[in-house]
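Numbered per mature numbering (1 follows the signal peptide of the UniProt record, and there is no 0), the sequence shown spans residues -28 to -1, 1 to 388. This report concerns only the one structure given below.
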Amino acid sequence: MRKPIALIFAAGLAPAILCGVTACNSGASGSQASAAEIPSATVAPATRGTITHTLNLAGQFQPYQVVDVHAKVSGYIRHIYVDIGDKVRQGQVLAVLEVPELSAQLKGTVAELARSRDEITRAEHELARTESEHSAVHADYRRLKQAAAAQPGLIAEQELDDAQSKDLSAEAQVDAAKASLAAAQQQADVDSANHERVGALMGYTQVTSPLNGVIIWRYADTGALIQAGTASDVQSLPVVKLSQSDLLRLRLPVPEDAVQYIHEGAVVQVRVDAVNRSFVGRVVRFTRDVSLATRTMETEIDVENRDLSLTPGMYANTKIELERRQNVLTVPVMAVVRNGNQASVLVVDARNHVELRTIATGLQGSNLVEVKSGLAEGDRVITGGQANYQPGETVRPVVRQLPTFDVNAEQSGGGE
């Protein structure tokens, strides 16, 4: 009988052991399932960094100056030395005019000036002669006068009067010679000024460049008659059109909400895709007036182009730095949820619980936003899918490292 009892016990024990094993496995699976149900959340720490608010504007390069170069005197072009596309320097001769009338006038002024100088020489000789004669006559008169005073009656009164008359006559001749010399000198000054004037006009027969630049148009050829650019009664034709391109200009319409940040000397990043290069420009002037039609203020940017790699008319994208804040507390823009004027973030605390936190924000770039209050450095904020989490919920944070320097602009526009 014992054998059947043992068999019955063993048979009863097997299901129990089986049930125990099953129960243990079931408990382990439940723990794994519970861990798997905790949702993950991508977080980023609140860090201190730099936010730069820049303004994106697009425009076209313009020459710093464009000048129609006119001749100062009328004449025929004897020779023209430049053509379209030529680089020229300030003072370089562009063309030479033939002006026969001026050549004749210059020869005439040379002759007149020579005559005037000869007249001065003659007048100087005449003055020297009259002064010498007056000196001798005056000495005779003084000697007679002294003798008459020493011995009355020694010199006849008539002789003394004749000597005085000769002295006065000689003195008058000296005065006349001085007047003639002064007149000759005055005439020489007039002739010299006239000679210099005509000589200056002859100098204008050389048409020179007023600045460093590039010839962008040629209006006349050799032999063409060019009227003086100062003539008001005729339509004068320029010789060439000159563009100063070693310094280029961008005119950009700055929106009124950015006007307060514009100041002279501000550095501007300029990107030109046509040459696949970036350049540095500076704000040099602005109108200080907002257009009522466009609500923008015209602002000019100068960009150096010494190697002439840029060409007027090329398209440029610019970034003007409006405001920069350093060492401020920042979080990613994607972490901030806005409801009207209120901003909030979801913070994951030390126990990995979700907490709703209201914050005050400041300057915002395209990647980062400044946090003025509501967070501390190192606080972890959820950076996406905020609608999937509830305050008090436990999450599994996945840290995402973000840059601490935001240079991207959030404003954009277009220019000329």
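Yeah, the Cβ is synthetic: ideal placement off N, Cα and C, and Gly gets one too.
(request) State the DSSP-derived secondary structure class of methionine 286, mapped to helix, strand or coil. (result) Looking at methionine 286 - three-state DSSP - the assignment turns out to be coil, as it is neither helix nor strand.
(message) Quick check on DSSP: helix, strand or coil for asparagine 299?
(response) Three-state result, asparagine 299: strand.
(request) Answer with buried or exposed for alanine -18, where buried requires no fewer than 16 other C-beta atoms within 10 angstroms of its C-beta. (result) Because alanine -18 sits at a pLDDT of 38, beneath the cut-off of 50, its placement in the model cannot be relied upon, and the point is left open.
(request) Could you check what DSSP says for alanine -1 in three-state terms: helix, strand or coil? (result) Reliability fails at alanine -1, whose pLDDT of 44 lies under 50, so the model's placement of it is uncertain and no value is given.
(request) Please state whether DSSP places alanine 5 in a helix, a strand or coil. (result) For alanine 5, the pLDDT reaches just 43, beneath the cut-off of 50, and the residue's location in the model is therefore unreliable, although a value from the coordinates is still provided. Shown here, alanine 5 sits in a helix according to DSSP, grouped into three states.
(request) Indicate whether alanine 67 and isoleucine 52 have their beta-carbon atoms separated by less than 8 Å. (result) It is a contact, given that the beta carbons lie within the stated cut-off.
(message) Helix, strand or coil for glutamate 349? Go by DSSP, reduced to three states.
(response) Of the three classes helix, strand and coil, the one that applies to glutamate 349 here is coil, per DSSP.
(message) I need the DSSP call for alanine 322, collapsed to helix, strand or coil.
(response) Residue state for alanine 322 is assigned as coil, using DSSP reduced to three classes.
(message) Nearest by alpha-carbon distance to glutamine 159: which of Ala348, Val60, Ile92 is it?
(response) Sorting Ala348, Val60, Ile92 by C-alpha distance to the C-alpha of glutamine 159 places Ile92 at the top.
(request) Inspect the beta-carbon positions of glycine 31 and leucine 282 and report whether they are closer than 8 Å. (result) Cβ atoms of glycine 31 and leucine 282: not closer than 8 Å.
(request) Mind checking who histidine 110 pairs with in its DSSP beta bridge? (result) Listed as beta-bridge partners of histidine 110 by DSSP are no residues whatsoever.
(message) Would the region 97 to 114 count as touching the region 140 to 156 if we require 3 or more Cβ pairs under 8 Å?
(response) Yes: at least three Cβ pairs fall under 8 Å.
(request) Give the straight-line distance between the Cα atoms of serine 215 and serine 181, rounded to the nearest whole angstrom. (result) Going by the C-alpha atoms only, they are around 11 Å apart.
(message) Relative to the C-alpha of alanine 288, which candidate in Val211, Val244, Leu197, Ala359 has its C-alpha closest?
(response) Looking at the Cα atoms, Val244 is the closest of the given residues.
(request) Count the C-beta pairs between the region 302 to 312 and the region 267 to 284 that are closer than 8 Å, then say yes if the count reaches three, no if not. (result) Counting Cβ pairs under 8 Å, fewer than three are found: no touch.
(request) Would you kindly work out how many angstroms separate the C-alpha atoms of histidine 12 and arginine 329, rounded to a whole number? (result) Here residue 12 turns out to be serine, not histidine, going by the sequence shown. Each residue's alpha carbon lies about 19 Å from the other.
(message) Quick check: the Cα distance between alanine 83 and alanine 200, rounded to an integer number of angstroms?
(response) Each residue's alpha carbon lies about 27 Å from the other.
(request) Whole angstroms is fine: what's the gap from lysine 59's alpha carbon to histidine 25's? (result) Taking the straight line from one Cα to the other gives about 40 Å.
(request) Please report the Cβ distance between proline 210 and histidine 42, rounded to the nearest whole angstrom; I am assuming they are in contact, meaning their Cβ atoms lie under 8 Å. (result) That belief holds up - the Cβ atoms of proline 210 and histidine 42 are roughly 5 Å apart, short of 8 Å.
(message) Tell me whether the region 109 to 128 and the region 168 to 177 touch, counting them as touching only if at least three CB pairs, one residue from each stretch, are closer than 8 Å.
(response) These segments do not touch.
(message) If I follow the unbroken alpha helix (DSSP H) through asparagine 166, where does it start and stop?
(response) Looking at the DSSP string, the run of the alpha helix (DSSP H) that includes asparagine 166 is 129 to 175.
(request) Give me the Cα-Cα distance between histidine 167 and arginine 94, rounded to the nearest whole angstrom. (result) C-alpha separation (whole angstroms): 21 Å.
(request) Report the rounded CA-to-CA distance for alanine 16 versus valine 326, giving the unit in angstroms. (result) Taking the straight line from one Cα to the other gives about 14 Å.
(request) Quickly, what does DSSP pair serine 215 with across the bridge? List them, please. (result) BP columns for serine 215 point to Val38, Val186.
(message) Between which residues of its own chain and threonine 333 is the CB-CB distance below 8 Å, once the five residues before and five after are set aside?
(response) For threonine 333, where only same-chain residues beyond five positions count, the Cβ hits under 8 Å are Val308, Ala315, Val341, Glu342, Val343, Lys344.
(request) Report the rounded CA-to-CA distance for arginine 190 versus lysine 213, giving the unit in angstroms. (result) Arginine 190 and lysine 213 have their C-alpha atoms some 6 Å from each other.
(message) Assuming the contact rule is C-beta atoms closer than 8 Å, valine 256 and glutamate 293 should be a hit. Round their C-beta distance to whole Å, please.
(response) Rounded to the nearest angstrom, the Cβ distance from valine 256 to glutamate 293 is 15 Å, too far for a contact under 8 Å.
(message) Taking the straight line between their C-alpha atoms, what separation do you get for residue 390 and asparagine 299?
(response) Because the chain spans -28 through 388 in this model, residue 390 falls outside it and cannot be assessed.
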